[in-house]
Structure formats: C-alpha cells, structure tokens
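*Asks:*
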Amino acid sequence: MKLLVLTAGAAEMYCGSCLRDNALAAALMARGHDVVLMPIYTPTTTDEVNVSQGRVFFGGISVYLEQNVPLFRHTPALLDRLWDSSAVLSFASKHQIKIDPTFLGEMTVSMLKGADGYQRKEVDKMIRFLKHESKFDVVNLPFALLIGLAKPIKDALGCPIVCTLQGEDLFLDQLHEPWKAQARELIRQAVPHVDHFIAVSEYYAKFMVQYFGIPPERISVVPIGINLGGHEAVETRTAPPYTIGFFARIAPEKGLHILCDAYHRLRHRPNVPETRLVAGGYLLEEHREYLVGCQRRMRDWGLDGHFTYAGAPDREGKIALLRSFDVFSVPTTYADPKGLFLLEAMANGLPVVQPRHGAFPEIIERTGGGVLVQPEAPDALADALFQLLTDRPKAAALGRAAADGVRAHYTVDQMVASAEQVYAKVTR
Numbered sequence: 054m055k056l057l058v059l060t061a062g063a064a065e066m067y068c069g070s071c072l073r074d075n076a077l078a079a080a081l082m083a084r085g086h087d088v089v090l091m092p093i094y095t096p097t098t099t100d101e102v103n104v105s106q107g108r109v110f111f112g113g114i115s116v117y118l119e120q121n122v123p124l125f126r127h128t129p130a131l132l133d134r135l136w137d138s139s140a141v142l143s144f145a146s147k148h149q150i151k152i153d154p155t156f157l158g159e160m161t162v163s164m165l166k167g168a169d170g171y172q173r174k175e176v177d178k179m180i181r182f183l184k185h186e187s188k189f190d191v192v193n194l195p196f197a198l199l200i201g202l203a204k205p206i207k208d209a210l211g212c213p214i215v216c217t218l219q220g221e222d223l224f225l226d227q228l229h230e231p232w233k234a235q236a237r238e239l240i241r242q243a244v245p246h247v248d249h250f251i252a253v254s255e256y257y258a259k260f261m262v263q264y265f266g267i268p269p270e271r272i273s274v275v276p277i278g279i280n281l282g283g284h285e286a287v288e289t290r291t292a293p294p295y296t297i298g299f300f301a302r303i304a305p306e307k308g309l310h311i312l313c314d315a316y317h318r319l320r321h322r323p324n325v326p327e328t329r330l331v332a333g334g335y336l337l338e339e340h341r342e343y344l345v346g347c348q349r350r351m352r353d354w355g356l357d358g359h360f361t362y363a364g365a366p367d368r369e370g371k372i373a374l375l376r377s378f379d380v381f382s383v384p385t386t387y388a389d390p391k392g393l394f395l396l397e398a399m400a401n402g403l404p405v406v407q408p409r410h411g412a413f414p415e416i417i418e419r420t421g422g423g424v425l426v427q428p429e430a431p432d433a434l435a436d437a438l439f440q441l442l443t444d445r446p447k448a449a450a451l452g453r454a455a456a457d458g459v460r461a462h463y464t465v466d467q468m469v470a471s472a473e474q475v476y477a478k479v480t481r
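For the sequence shown, my numbering begins at 54 and goes up steadily by one.
Listed below in structure tokens is the structure:
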C-alpha cells in the first residue's frame with residue numbers, strides 16, 4: 054500500500070504527535086508499505102530515526118508571511134524556496150517567539166479554509182508535488198487543524214482521506230473569539246470530506262464525537278504504541294533514597310507545580326522515607342520563568358536540595374533517567390488524549406500516579422500499572438505517592454503490571470496493525 058502521512062513539525066521541540074507519527078511511518082515501512090512522511094510547517098524532531106522526507110510543505114515562514122503581507126501570497130516559487138528550506142526553518146525554529154493568540158486564531162481559520170485561505174499558494178505547491186508522485190492509496194492528515202487540505206487533496210488525487218485526532222481541542226480552546234468558534238465550525242463543515250478518523254484513545258474518540266460532530270461509526274481507536282527498544286523493567290528498589298520522577302515538556306499544563314506542591318506535603322508526613330524529586334523534559338524559553346518559579350517554591354519550603362531539573366536528554370538519556378526513578382507522575386491540568394510519556398515510564402516498570410482524566414484511566418485500568426487520583430489535588434497525589442514509597446511490595450506489583458501491560462497493549466506493532474485495518478477499510 055502506498056501511503057502519504059503528513060506530520061506537523063514542532064520546530065526544535067520534541068512533540069508527542071511528531072514522535073507518534075514518525076514511529077507509525079517507520080513501522081509501516083518495516084512492514085513493506087511505501088510511505089512518504091511529509092513534514093508540515095517545520096522539520097520534525099524525534100528521538101528515534103527520523104524517516105520524514107527532507108522537503109517541508111507549508112513552511113512556517115511562508116505561512117506567516119502570506120497571512121500578514123499580501124505581497125507574499127504571489128511571490129514566485131524560486132523565491133519561496135529560500136525561506137522554505139530546512140536550514141532556514143531550523144534556524145528560525147531555534148529563535149523561539151511568543152505569538153499572539155489573536156494572530157494564531159486568524160491563521161488557524163485561514164489554514165482551515167484550505168484553497169480559499171491566504172495560504173492557497175502553499176496548497177497549490179503541495180498538490181503539484183503530489184501529482185508527480187505515483188498514486189497514493191491513502192492520505193493520512195496528522196490532526197483536524199489541517200482538515201482544510203482534505204477536499205483539495207481528494208479532488209486532485211482521488212484517494213481516501215484519513216484524519217488522526219490527537220489533541221486539537223487543547224489548541225482550539227486557547228484561541229480568542231471569534232476565531233475559536235469559526236475554527237470549530239470550519240472543521241465541522243469539513244468532516245464529510247474525510248473518509249475515516251483515527252482517535253489515539255477511547256476517551257478522545259468519545260470526546261471528538263461531541264466536539265466536532267463526527268459520526269461515531271467514522272472513528273476508529275488506534276492507541277498510541279511505543280518502540281520498546283532499550284526499555285526494560287527495572288528491579289524495584291527496597292531501600293531509600295527513592296526518586297519521584299517527572300518527564301514531560303516543562304509547562305504549566307503538565308503540572309510540575311502540582312507535583313512540587315504534593316512533594317512538599319509529602320515531606321511533612323511522619324515516617325516518610327528519604328526522597329528526592331527529579332524532573333526532565335523540553336523547556337521552551339517562554340516557560341523558563343515557570344521552572345524558576347517551581348524551584349523558588351521548593352527553596353521557600355526548605356526543599357532546595359530535594360529538586361533537580363535534568364534537562365531534555367536524547368532517547369538513551371531519557372531511558373536512563375526513567376530507570377533511575379522509583380515512582381512516576383505527570384499530574385496534567387488538562388485531559389491528555391495520548392499519555393505517551395506515561396507509556397514510556399511504564400515500559401520501564403515504573404508504578405505511576407496520574408489524575409483521573411483524559412486517556413490516563415483507560416491506560417491504567419487496562420494495564421493495572423498505577424493509581425488514579427483526583428485532578429489538581431496535591432493532597433491526594435501526596436497520599437498516593439506516600440503509599441507507593443512505603444509499601445514497596447505494592448509498588449513492585451504495580452511496576453510489573455505496568456511493564457507487562459504496555460507490552461501487551463501499547464507497542465508500535467499493535468499501533469501499526471490497527472492503523473492498517475483502518476487503511477484497508479477505506480480502500481475497499
């Protein structure tokens with residue numbers, strides 16, 4: 054089967070959706086499919102072998118210029134190649150800039166209009182390129198924010214369109230009005246142009262039925278799967294000091310401040326064993342002050358020496374860091390639809406403590422590898438952490454269940470087999 058899989062680059066940042074798309078494409082290739090993984094906006098960053106093609110479509114600089122300066126909607130392709138080159142896009146990506154949500158709203162609406170938006174030239178460039186490729190059996194859009202491409206691609210290539218759903222509401226709900234309402238309505242109007250949707254969790258499939266008005270029979274669940282290479286279950290340590298671990302992007306919505314608060318409360322419990330708190334993950338410049346704030350609070354609580362930020366290591370370093378933890382928690386403030394960071398921790402035999410929302414309940418209930426607590430409740434989180442730090446046989450049992458459960462339900466091979474079923478369904 055020949056497949057075109059689009060993936061939206063997140064500049065120099067590791068992004069769960071990019072990692073998932075790259076892993077899916079690589080696994081499809083390994084199973085004999087002819088796959089083109091096409092980056093949108095910027096080159097992709099992944100901690101595994103990057104299988105995306107070199108050329109970037111809808112380069113972030115071009116999209117920005119065409120949105121704001123009418124002249125650039127008509128510049129020749131030769132000139133566009135300068136700022137669409139991977140080198141220029143990578144350079145620009147290193148200079149992180151805060152963008153006003155009002156602008157993001159306008160640009161989101163324009164992109165959702167597809168060939169009728171300000172980026173029509175980019176649509177035309179992509180279609181010309183695709184017409185010179187041999188016929189695709191299926192085109193897979195990475196998320197509904199690019200659903201405006203469904204109709205022009207289908208009209209030009211005549212092949213089925215599949216659209217993955219993996220966190221669109223988290224972006225859309227941050228937009229200002231009227232752009233938020235307009236964007237949701239444009240997506241709802243474009244739903245008929247997509248043959249089938251893939252949701253990354255059961256939670257998200259049900260949520261998207263309501264959020265975008267997608268008929269339930271046109272959504273299939275293809276759970277996130279991870280490459281288990283390098284991941285091995287660690288032996289449960291039975292003597293302190295113990296390490297409470299966090300590994301995710303350092304940002305308020307990931308809940309590091311909640312974990313710090315829970316740790317502070319934990320340290321006031323009688324008979325608590327010697328512990329420390331270690332956090333790792335990508336840090337955007339705009340969130341540096343957030344991290345500084347977490348560190349400041351720990352100092353104010355007299356816990357300065359208890360907290361370490363370990364940076365954003367590569368894949369090998371990430372796995373080594375995870376294996377140094379004794380219990381894991383990323384207490385997000387939002388309902389995460391994927392839980393990729395959770396699966397990676399569990400693959401190494403870590404018991405986890407997560408808020409009862411998003412995809413976390415189905416992952417923990419399916420694997421039996423953790424404990425669910427009330428969201429944004431530091432006391433409840435501290436209670437669960439204390440239990441796992443003081444009842445090591447229970448922690449060991451949960452860790453074994455976590456490792457076994459990921460291998461039984463959340464491998465990349467299982468993800469690609471489920472995706473193949475969807476692709477086969479739309480090509481019958």
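Positions of the beta carbon are idealized from the N, C-alpha and C atoms, including for glycine.
(1) Kindly indicate which residue of L330, N401 and D190 has the alpha-carbon position closest to the one of A477.
(2) State yes or no: is the C-beta of Y171 within less than 9 Å of the C-beta of Q235?
(3) Quick one: using the 10 Å Cβ neighbour count with 16 as the cut-off for buried, is T26 buried or exposed?
(4) For a minimum of 4 consecutive residues, which ranges assigned as the alpha helix (DSSP H) are wholly contained in the stretch 379 to 424?
(5) Got a sec? Which residues, its chain only, sit under 8 Å from T60 by beta carbon, not counting five neighbours each side?
(6) Report the option in H86, G402 and I272 whose CA atom is closest to the CA atom of V247.
(7) In angstroms, rounded to a whole number, what distance separates the CA positions of A472 and N193?
(8) Given a cut-off of 9 Å, decide if G278 and A301 are closer than it, judged by their beta-carbon atoms.
(9) Going by CA-CA distance only, name the one from P231, P245 and E186 that's closest to K204.
(10) Where DSSP assigns a beta bridge to F300, which residues make up the other side?
(11) For F182, does the count of other Cβ atoms within 10 angstroms reach 16, so buried, or fall short, so exposed?
(12) According to DSSP, simplified to helix, strand and coil, what is T98?
(13) In this structure, does DSSP put S377 in helix, strand or coil?
(14) Spatial neighbours of N237 within its chain, please: CB distance less than 8 Å, with the 5 preceding and 5 following residues excluded, ordered by chain position.
(15) Distance cutoff 9 Å, beta carbons only. Does L199 sit that close to anything in chain D?
(16) Which of the three DSSP states, helix, strand or coil, is assigned to H249?
(17) Could you spell out the range, first to last residue, of the beta strand (DSSP E) harbouring A365?
(18) At what residues does the alpha helix (DSSP H) containing V262 begin and finish?
(19) What span of residues does the alpha helix (DSSP H) with K55 cover, start to end?
(20) Measuring straight from C-alpha to C-alpha, what distance separates E230 and F260?
(21) According to DSSP, simplified to helix, strand and coil, what is F182?
(22) Let me know the secondary structure DSSP gives L356 once reduced to three states.
(23) Determine the contact status of V424 and I417, defining contact as a CB-CB distance below 9 Å.
(24) Which residue wins for smallest C-alpha separation from Y295, given the options L344, D379 and V345?
(25) Within a Cβ cutoff of 7 Å, which residues of the same chain sit near D153, ignoring the five residues on either side of it in sequence?
(26) Looking at the secondary structure, which residues open and close the alpha helix (DSSP H) in which I206 lies?
(27) Relative to the C-alpha of H372, which candidate in T128, D314, R453 and G283 has its C-alpha closest?
(28) Flag this pair as touching only if the stretch 339 to 348 and the stretch 381 to 399 have three or more C-beta atom pairs under 8 Å; answer yes or no.
(29) Between the stretch 323 to 342 and the stretch 453 to 463, are three or more C-beta pairs nearer than 8 Å?
*Replies:* In short, the structure shows the following:
(1) D190
(2) no
(3) The structure shown does not extend to residue 26, since the chain is modelled only from 54 to 481, so the question has no answer here.
(4) Runs of the alpha helix (DSSP H) inside the stretch 379 to 424: 393 to 400 and 413 to 420.
(5) S70, C71, D74, N75, A78, L90, M91, P92, I93, T97, S105 and P195
(6) Per the Cα distances, I272.
(7) 10 Å
(8) Contact flag unset, no.
(9) P245
(10) G333
(11) Result: exposed.
(12) coil
(13) coil
(14) What sits at residue 237 in the sequence shown is Arg, not Asn. Cβ within range, chain order: L225, Y264 and F265.
(15) Of the chains in the structure shown, none is chain D; there is only one protein chain.
(16) strand
(17) Where A365 is concerned, there is no enclosing beta strand (DSSP E), given that its DSSP letter is neither H nor E.
(18) E255 to F265
(19) No alpha helix (DSSP H) holds K55; the beta strand (DSSP E) holding it covers K55 to A61.
(20) 22 Å
(21) helix
(22) DSSP places L356 outside both helix and strand once states are collapsed to three, so it counts as coil.
(23) yes
(24) D379
(25) Residue placement at D153 is flagged as unreliable, the pLDDT there being 48, under the threshold of 50; the coordinate-derived value follows with that caveat. The answer is none, since no qualifying residue turns up.
(26) A203 to L210
(27) The question names His, but residue 372 is Ile in the sequence shown. With distances taken between Cα atoms, I372 lies closest to G283.
(28) no
(29) no
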